[in-house]
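Number of protein chains: 2
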Amino acid sequence: MHQLKGIKILVVDDEPNILQFLELGLQNEGFDVRTAQDGVKAITLLKEFQPHVVILDVMMPGMDGFEVCRMLKRMENVAVIMLTARDEVDDRVKGLMLGADDYMLKPFSFEELLARIYARVRNQFPNLFGEVVVGPFQIDDRRKEIKFNERVLELSPTEYELLKLLVLNHGLVLSKRMILDKVWGYDFGGEENIVEVYIRSLRDKLNDKEHQIIRTIRGSGYRVELS
Amino acid sequence: MHQLKGIKILVVDDEPNILQFLELGLQNEGFDVRTAQDGVKAITLLKEFQPHVVILDVMMPGMDGFEVCRMLKRMENVAVIMLTARDEVDDRVKGLMLGADDYMLKPFSFEELLARIYARVRNQFPNLFGEVVVGPFQIDDRRKEIKFNERVLELSPTEYELLKLLVLNHGLVLSKRMILDKVWGYDFGGEENIVEVYIRSLRDKLNDKEHQIIRTIRGSGYRVELS
DNA sequence: CCCGATATTCAACAAATTTTCAGTTTGCCT
DNA sequence: AGGCAAACTGAAAATTTGTTGAATATCGGG
């Protein structure tokens, strides 16, 4: 009878015990949880599952936590919380922890972990707690809906992601390259033209014939302008 | 006093003394109590008896409490309260306890146990104290029944769980993956297609030809819309 | 052990979305 | 003004995703 929160958490640890314990606890708390036993699996799941938070053990065989953390942060916008045993903390480990958004020493209380997760999510994904209002736009990520002037826009998944990106970064010029990386993923093989195509369809749906809302900055990219 | 009719408790402990003591005490309190001496028996009874709360000793010969807890949580929606002797509490045990919904150190007072049971039941089965009404839906978990516009729907067990999940989380988009985890269990081996198949049968039974009640959010999942 | 109900799989189909492409327009520079 | 690269556009092609009907498997009660 758990109330879901729409927050996705990926737990990465090589110890099955801890993995399972965290999975059950967090699931019970209403999170959407997925687990991975090693770094490679974690990277795969990251793309597929798109978690908001990754909980990562520093000490793992093969690729260590630091390596994984570096890749995670490069690939997606995600909060990383690192775990390590208290007696493993030497200078090297301290260094590794710095790439993460937060870290905890084992053993820790479950409540503390929850507190940190919420802190991170609030910080990094404010739109997961109700809708974000930006000028005439209202973004509700839990409903996967964007309203423009009170009307719900009918958007395809890609259109949704693109408009969200543009609106949340209104005022900034976003290059086609950056848009491609953020919306299509850094490993997308196609041409930048696809961004233009999608921008057009967004303009259509926003009735933005004069390109007043989504402006073209020739040679640089696009920028949304709030009225 | 409390309306305890219908609250079923399973007590699992290898010590006959404690078992009997708890059985009598809880029965006297008005609960429907069943007991098991070991993990295997507990698992069997779980399916047959379908308790709301399981009280579980951590230290048991054979399958330990953690193992049992894991299986219980995987199989049914049930609150687990773990018991352990105060001097058995080392870090390992602490970890294990966290998979449970609550835990208590022995010796404990009977009143304390009762308090925790009530807390858990209220938390996890709010509809044991009257049905939950969400828009045109009425969910009665005791009867495993859902009414839609005053009419009882004829649902199979899986349909019931799925509709309950969707309705209780109306407004949120639930991904097929998450639905699979919550309704079929995280270890379900099959394809996501089965979710689609069940969604269809729910839409049939709700007469939701236009998919207005259970909406498809292409690429993301499903969402129920209350009218 | 058989029966009916339920659960699961499968493949064909439908529909929406994504991607590509080529021709056109636009803005900018000299 | 002319050249040129960048941006825009419409539409076809390719791909992905969801829907559906039906076949098959599995479960639980009698």
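Protein sequence lines correspond, in order, to chains A and Y.
So in the numbering used here, spot 31 of the first sequence is number 29, and the numbers just go up one at a time.
So in the numbering used here, spot 97 of the second sequence is number 95, and the numbers just go up one at a time.
Where a beta carbon is used, it is the ideal one built from N, C-alpha and C, also for glycine.
Note that this is a predicted model, so its numbers are computed, not measured.
Quick one, are the C-beta atoms of V78 (chain A) and V56 (chain A) less than 8 Å apart?
-> no
Cα-Cα separation between N25 (chain Y) and L22 (chain A), rounded to whole angstroms = Correcting the residue identity first, residue 25 (chain Y) is Gln in this sequence and not Asn. Q25 (chain Y) and L22 (chain A): Cα-Cα distance of roughly 30 Å.
Under a CB-based cut-off of 8 Å, is V171 (chain Y) close to chain A?
-> Put simply, the CB of V171 (chain Y) is near chain A, with a gap under 8 Å to one of its CB atoms.
Thinking just about the alpha-carbon of each residue, which of Y:L163, Y:F29, Y:I197 and Y:Q48 is nearest to the one in L112 (chain Y)?
-> Y:F29
Note down, in chain order, each residue of its chain lying with its Cβ closer than 8 Å to the Cβ of L204 (chain Y), except the 5 sequence neighbours on either side.
-> F146, L151, I211 and I212
Please confirm if the stretch 136 to 145 of chain A is in contact with the stretch 165 to 178 of chain Y, defined as three or more CB-CB distances below 8 Å between the two stretches.
-> yes
At a CB-CB cut-off below 7 Å, which residues of chain Y make contact with N26 (chain A)?
-> D99
Assuming R32 (chain A) contacts F47 (chain A) (C-beta within less than 8 Å), just tell me the rounded distance between them.
-> The C-beta distance from R32 (chain A) to F47 (chain A) rounds to 5 Å, short enough to fall under 8 Å.
With DSSP collapsed to three states, give me the class of L170 (chain A).
-> Correct three-state label for L170 (chain A): coil.
Go through its chain and collect everything with a Cβ distance to E129 (chain Y)'s Cβ below 7 Å, but skip five positions before and after it.
-> Q136, I137 and D138
Taking only beta-carbon atoms, is R141 (chain Y) less than 8 Å away from chain A?
-> no
Does the Cβ of P49 (chain A) have 16 or more other Cβ atoms within 10 Å, making it buried, or fewer, making it exposed?
-> buried
For G229 (chain A), which three-state DSSP category applies?
-> The displayed coordinates of chain A run from -1 to 225. Any statement about residue 229 (chain A) would go beyond what the structure contains.
Contacting residues, own chain, Cβ-Cβ under 7 Å from E157 (chain A) (five flanking each side not counted) = Y196, S199 and L200
In the DSSP assignment, find the alpha helix (DSSP H) that holds R120 (chain A) and state where it starts and stops.
-> F108 to Q122
For M57 (chain A), does the three-state DSSP call read helix, strand or coil?
-> coil
Candidates Y:E208, Y:S154 and Y:I177: which alpha carbon is nearest V193 (chain Y)'s?
-> Sorting Y:E208, Y:S154 and Y:I177 by C-alpha distance to the C-alpha of V193 (chain Y) places Y:I177 at the top.
Measure how close the beta-carbons of L44 (chain A) and E74 (chain A) come, nearest whole angstrom, since I'm counting them as under 8 Å.
-> 6 Å
Could you give the distance in angstroms between the alpha-carbon of Q1 (chain A) and the alpha-carbon of V10 (chain Y)?
-> If you draw a straight line from the Cα of Q1 (chain A) to the Cα of V10 (chain Y), it is about 28 Å long.
Under the DSSP definition of a beta bridge, which residues are partnered with T214 (chain A)?
-> A:Y220
Among A:L70, A:I5, A:I16 and A:F127, which residue has its Cα nearest to the Cα of F108 (chain A)?
-> A:I16
Cβ neighbours of E159 (chain A) in the same chain (closer than 7 Å, five flanking residues each side left out) | V181
Buried/exposed call for Y101 (chain Y), threshold 16 Cβ in 10 Å = buried
Cβ-based neighbour list, R118 (chain A), same chain, cut-off 7 Å, excluding 5 preceding and 5 following | V51, A77, I79, D99 and D100
Within 10 angstroms of the Cβ of I215 (chain A), are there 16 or more other Cβ atoms? Answer buried if so, exposed if not.
-> exposed
With C-beta atoms as the reference, is V226 (chain A) less than 8 Å away from L8 (chain A)?
-> Since the first residue shown for chain A is -1 and the last is 225, residue 226 (chain A) is missing from the structure and cannot be characterised.
How many angstroms separate the CA atom of P134 (chain Y) from the CA atom of I115 (chain Y)?
-> Cα to Cα, P134 (chain Y) sits roughly 31 Å from I115 (chain Y).
Just reading off the beta strand (DSSP E) that I5 (chain Y) is part of, what are its end residues?
-> Run containing I5 (chain Y): none; DSSP gives neither H nor E here.
Buried or exposed: T123 (chain Y), going by 16 or more other Cβ atoms within 10 Å of its Cβ?
-> A small fix is needed here, since residue 123 (chain Y) is Phe in this sequence, not Thr. F123 (chain Y) is buried by the Cβ-count criterion.
CA-to-CA distance, G97 (chain A) to R68 (chain A), given in whole angstroms = 7 Å
Any beta-carbon of chain Y closer than 8 Å to the one on D30 (chain A)?
-> yes
Name, going along the chain, the residues of the stretch 201 to 220 of chain Y whose beta-carbon falls closer than 7 Å to a beta-carbon of chain A.
-> From the stretch 201 to 220 of chain Y, only I215, R216, G217 and S218 have a Cβ closer than 7 Å to chain A.
Which residues DSSP lists as bridging K145 (chain A), in chain order | Beta-bridge pairing links K145 (chain A) to A:Q136 and A:V150.
Which residues in chain Y sit within 9 Å of L2 (chain A), going by Cβ to Cβ distance?
-> L163, L166, N167, L170, L172, M176 and K180
Quick one: is F64 (chain A) buried, meaning 16 or more other Cβ sit within 10 Å of its Cβ, or exposed?
-> buried
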